[in-house]
Amino acid sequence: MSAAPAYVAKDYKSDVKPVWCPGCGDFSVLAAFGKAFAELGLAPERVAVISGIGCSSRIPAYTRTYGFHGVHGRALALATGLKLARPELTVVAAGGDGDGFSIGGNHFLHACRRNVDLTYVVMDNRVYGMTKGQPSPTTEPDWDSALSPGGTGLRPFNPLVIALASGANFVARAFSGDPNACAAMIVAAIRHPGFSFVEILSPCVTFRPDQRGWKEQVRQAPVAATGDPARAARRLMTDDGFNLGVLYQGDRLPYRPPPGEGARPADLEAEFAA
Amino acid sequence: MARHSISLALTGSGGAGVMTAGNMLLDAAAASGCHGLMTRSAGPQIRGGEAAALLRLADFPIDSHDDRLDLAIAVDWENVQRFAAELALDKQSAIVADPAAGEMPAAIAAKGARLLAVPLKQIAKSCNGRPNMVALGVAMAALGLDEGFGLKAIDKTLEGRDAKTIEASYAAFRAGLAAGAALDLDCRLARGQTSHPSHRWVSSGNHAAGLGAIRGGIRFVAAYPITPASEVLEWLAPALRRVGGTLVQAEDELASINMAIGASFGGVPALTATSGPGLSLMLESIGLAVASETPVVVIDVMRGGPSTGIPTKSEQADLAIAIHGLHGDAPHLVVAPLSVADCLFTTQWAVHLAESTQAPAIVLSDQFLGQARAVFERPADIAFAGGRRIETAPGAGYARYALTADGVSPMTLPGTPGGQYTADGLEHDARGTPSSRADDHTAQMAKRARKLDGFDYGRHWAEIDGEGEIAVLSWGSTAGAVREAVARARAQGLHVRLITPRLLLPIQPARMAAALEGVRRVLVVEQSEGAQFHRYLRAHYDLPKSVEVMARTGALPFRPGEILGRIAAGGAS
Amino acid sequence: MSADDAMRAAARKLAAAIRDAEDFRACVFAIESEAAERYAELADLMATHNNREVAALFRRLAEIEGLHARKMLAPDGSAPRLLPAGIDFVGAETVSHEAMHYLMTPRQALALALEGECKAVALFEALAEGAADPAIRRLAAEMAVEERGHVALVQAWMTKFPEPEADWDHDPDPPRLD
Chain C
1251 MSAAPAYVAK
1261 DYKSDVKPVW
1271 CPGCGDFSVL
1281 AAFGKAFAEL
1291 GLAPERVAVI
1301 SGIGCSSRIP
1311 AYTRTYGFHG
1321 VHGRALALAT
1331 GLKLARPELT
1341 VVAAGGDGDG
1351 FSIGGNHFLH
1361 ACRRNVDLTY
1371 VVMDNRVYGM
1381 TKGQPSPTTE
1391 PDWDSALSPG
1401 GTGLRPFNPL
1411 VIALASGANF
1421 VARAFSGDPN
1431 ACAAMIVAAI
1441 RHPGFSFVEI
1451 LSPCVTFRPD
1461 QRGWKEQVRQ
1471 APVAATGDPA
1481 RAARRLMTDD
1491 GFNLGVLYQG
1501 DRLPYRPPPG
1511 EGARPADLEA
1521 EFAA
Chain G
9 MARHSISLAL
19 TGSGGAGVMT
29 AGNMLLDAAA
39 ASGCHGLMTR
49 SAGPQIRGGE
59 AAALLRLADF
69 PIDSHDDRLD
79 LAIAVDWENV
89 QRFAAELALD
99 KQSAIVADPA
109 AGEMPAAIAA
119 KGARLLAVPL
129 KQIAKSCNGR
139 PNMVALGVAM
149 AALGLDEGFG
159 LKAIDKTLEG
169 RDAKTIEASY
179 AAFRAGLAAG
189 AALDLDCRLA
199 RGQTSHPSHR
209 WVSSGNHAAG
219 LGAIRGGIRF
229 VAAYPITPAS
239 EVLEWLAPAL
249 RRVGGTLVQA
259 EDELASINMA
269 IGASFGGVPA
279 LTATSGPGLS
289 LMLESIGLAV
299 ASETPVVVID
309 VMRGGPSTGI
319 PTKSEQADLA
329 IAIHGLHGDA
339 PHLVVAPLSV
349 ADCLFTTQWA
359 VHLAESTQAP
369 AIVLSDQFLG
379 QARAVFERPA
389 DIAFAGGRRI
399 ETAPGAGYAR
409 YALTADGVSP
419 MTLPGTPGGQ
429 YTADGLEHDA
439 RGTPSSRADD
449 HTAQMAKRAR
459 KLDGFDYGRH
469 WAEIDGEGEI
479 AVLSWGSTAG
489 AVREAVARAR
499 AQGLHVRLIT
509 PRLLLPIQPA
519 RMAAALEGVR
529 RVLVVEQSEG
539 AQFHRYLRAH
549 YDLPKSVEVM
559 ARTGALPFRP
569 GEILGRIAAG
579 GAS
Chain F
1184 MSADDAMRAA
1194 ARKLAAAIRD
1204 AEDFRACVFA
1214 IESEAAERYA
1224 ELADLMATHN
1234 NREVAALFRR
1244 LAEIEGLHAR
1254 KMLAPDGSAP
1264 RLLPAGIDFV
1274 GAETVSHEAM
1284 HYLMTPRQAL
1294 ALALEGECKA
1304 VALFEALAEG
1314 AADPAIRRLA
1324 AEMAVEERGH
1334 VALVQAWMTK
1344 FPEPEADWDH
1354 DPDPPRLD
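Chains as they are written, first to last, in our numbering: chain C, 1251 to 1524; chain G, 9 to 581; chain F, 1184 to 1361.
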């Protein structure tokens, strides 16, 4: 007989009604957040969900945890500041592919290399939904749109490659169509020390109705997670973007500010004396 | 005859060590009970560039350079013409130069100063020392400062070095003293209002701002390196560690400001420091701090603009962006220190204001204040009452952005059960739920304005001094030269009022009207070619009919004499 | 992995984890409760997107699933004991968010509900065959019968609504711009 769980998924849901389109993958990610937090037994007030701008970045308001819905692209910076100031909190940054990889790309690189104990969930739908369907860094080069007629012709950004190369300590991919697997992945990411990155393929049914077909394309990666970055990199070379699972789990120590030395502000004055 | 203020320059290039000698001279003067100020002019090179240490020592408090130099000591002349304009030498000045350094450049010679030859390098070589220590000795002798303070300054600078090096420095310094004593220099410093040196501090404005931040309660700093703000951060890095705080070097200014906001959301008072280019990048997120009502302090150590501009020179031309740079109607705080020493107070005050009003505060320091080293009385300990209003036991109906009478809503911190909310840059209702409703927008806008407009800023809002129908209005570092000009004008029998606001936003119309009561003529002095301060005053305050403006770039700091000239000229008409 | 394969895999896991009738009751309670919560969410979602007809339908389905869940309560109204750790049964009868469309018709909504009921039938049938304990097999068989009843009900319900028109998802207005 297991002990009574302290929390259930519903405890993390706010009474704010999502404005996401029906059919959006983000609903499942929201559900997965609740399940994951419950599984971890986290008190809602000890969790902060931090986001930038975009459809998926609306997620903090839909949770009953603390939250910050900041400006476009800066979720990781907000989350880093909060986690360093309040290390005892569980801090999860969340957002979309445009927010995280385009306008926030620099923060993504440096969050990976800084390796603060955060979890970053990117709901990747390969499109800017909130601004009405423009190509994002992860969009296929031939996807036709009003802003890039005939496609961008640009090679898509590969988030897992960048995360691995930049030093993320946990790199994984999940699919919103399998909320239980998403929840399990988020649990693993939060448990893993350091910077954990989870790309969740989360279809945009409004601007990318073709993504309804993702559920037939995704598959569990045939291999287990590795702690060897070189092996993980080789796997990514043959990855088509639809392999699910944990790719890499490193053992790098998370960044923590050094402890204080117990001085008072007045103790700092000596060096000013003439 | 001893004089109340002596100004001198030490010039030299690549490895001559004139900045070190200048700092030692300032330390020695401070230890002997004098007031002082030192700034630098330097070429763009990272190492080995031409440099000049510009010092003013006095027996009364000073916040600006004087009108002219009494003495220049040139270890060499390399490229000194690049800042010839900043060396205010005249026929009454003396130049001590090493004949081995060659011909005096024409730009310097044209000033007509008296040239005295001292073989600095040869003297240094004879005692295995360095020419800058000889120059230090010459300067100390000229000023009439005691040898012992010079030796102490050497000890402090060379702490940890081997005995041989220290002995050689002693010897070179003493040889310089002897050489200086033999010169006919009228640079002896009087001892008037000297106080006990134990009450004296020597600091740059950047370091003072760092201490002010910590006194105010700042325990988290995130920043990106930038001239001339980096010293704030470099001072804070070890200092924060000592008191249990954290400093993070961020990947860019966009990250800095957001990390600070994130930390402050967590309840830890937070700050970032930057200069104009960085402030430009931060503006969007400062607006986020406004909308989400997250306290945060941003120090902008202003430099010459626009764009990359002149990183090593001062200017007061970020006023407009600090006040108007945020998109939307975004009430926030802008304050400016009025002297090097005031960088401490004003930064501490900014922390208090930001925390109390849950709003971002921009501190407009500048390169002059930030990088000048000055001697000043130890600033008093001030404990402001109030601070961040925190809800520790939120009830069932807790609303983060509740519409309170004074506009300040108690905030919960993460970890507080039942206080969960989402801080948002989107407009929201009282609970923080995103809302595009007209009534929510109207109510939240009014609340954010009310909490700043209704706050009692007290007497700290400005430094106001004197009576009379003439008023000089200035702000920031320029206030130093203005203060001295006004003192001189009064010594000449003129009645002049000095009005230097420390609080630039929110505006204080009633207080300014009271300060200007009875004033018929205003002189505005500022280091902005576009007269940003003048425009600001015009936009927000009722000025008398007669307004004159002294506005120019920061390339050449204002001197008290030229401001006095304008005061006196107008007063006579 | 096909949906049926997934359900058989879930049933195998359940069969291994369920120790007694009380565990079984707890599982059914959780399955039905989750389905009810999801229907309530979907009702809210459709209401947010001003599809009142489908919102009302989902609200009704939420009530029905809630009734099913409550049937698992003890006579004193207390919830069944907690599930054995590690059971990943969730979603057995739950309609997926991904299947939603803001212009969907009641018939389409009921088709999804039908899918959910069919999944439940498959799960309990698999359990009725695969569980080691004969008592559990019997309970599962009973549940399969009940769920088949639900399937028939939903199918009957569907006939009250017409098939969607060919351009049911046509919206002349573009999506919002902010």
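Just so you know, even glycine gets a beta-carbon here, dropped at the ideal spot from N, CA and C.
Cβ pair residue i, residue j closer than 8 Å
i	j	result
Ile14(G)	Cys195(G)	yes
Tyr8(G)	Thr173(G)	Since the first residue of chain G shown is 9 and the last is 581, residue 8(G) is not available in this structure.
Leu1306(F)	Trp1351(F)	no
Ala344(G)	Trp483(G)	yes
Phe1358(C)	Ile1412(C)	yes
Val83(G)	Ala143(G)	yes
Leu372(G)	Leu341(G)	no
Glu323(G)	Arg311(G)	yes
Cα-Cα separation between residue i and residue j, rounded to whole angstroms
i	j	result
Leu1494(C)	Cys351(G)	55 Å
Glu316(G)	Ser1416(C)	Just to set this straight, residue 316(G) is Thr in the shown sequence, not Glu. Near 30 Å, if we compare the C-alpha coordinates of Ser1416(C) and Thr316(G).
Asp389(G)	Asp464(G)	20 Å
Met1283(F)	Cys1301(F)	18 Å
Thr441(G)	Ser1307(C)	14 Å
Gln1461(C)	Arg1405(C)	19 Å
Met141(G)	Ile571(G)	36 Å
Gly1346(C)	Leu531(G)	54 Å
Cys1274(C)	Leu1451(C)	11 Å
Gln1467(C)	Phe1492(C)	6 Å
Ala1523(C)	Ala1293(C)	49 Å
Ser300(G)	Leu1240(F)	39 Å
Gly488(G)	Asp71(G)	5 Å
His1322(C)	Met1380(C)	12 Å
Leu506(G)	Ala413(G)	35 Å
Leu1414(C)	Val1448(C)	12 Å
Pro107(G)	Lys119(G)	18 Å
Ser1261(F)	Ile1214(F)	17 Å
Asp1361(F)	Phe1351(C)	Note that Asp1361(F) scores a pLDDT of 48, beneath 50, so its modelled location is shaky and nothing firm can be said.
Gly152(G)	Leu197(G)	6 Å
Ala1259(C)	Arg1221(F)	12 Å
Arg456(G)	His1442(C)	41 Å
One or two residues paired with residue i in a DSSP bridge
i	result
Gln1499(C)	Phe1420(C)
Asp1374(C)	Leu1451(C)
His1319(C)	Ser1301(C), Asp432(G)
Ala17(G)	Leu62(G), Ala80(G)
Pro442(G)	His436(G)
Met558(G)	Val533(G)
Alpha helix (DSSP H) segment containing residue i, residue limits
i	result
Phe353(G)	350-365
Pro1515(C)	Note, Pro1515(C): premise wrong, no alpha helix (DSSP H); not H, not E.
Leu1310(F)	1289-1313
Gly378(G)	375-379
Gln452(G)	446-461
Asn1215(F)	Reading off the sequence, residue 1215(F) comes out as Glu, not Asn. Here the alpha helix (DSSP H) through Glu1215(F) covers 1204-1231.
Per-residue burial, residue i [other beta carbons within 10 Å of its own, 16 or more giving buried]
i	result
Arg1376(C)	buried
Ser1386(C)	buried
His1319(C)	buried
Ile54(G)	exposed
Asn1233(F)	exposed
Pro1472(C)	exposed
Asp1517(C)	exposed
Glu1295(C)	buried
Contact test: residue i Cβ vs the ligand ZN heavy atom, cutoff 7 Å
i	result
Ala247(G)	Ligands are entirely absent from the displayed structure, and the ligand ZN is therefore not among its contents.
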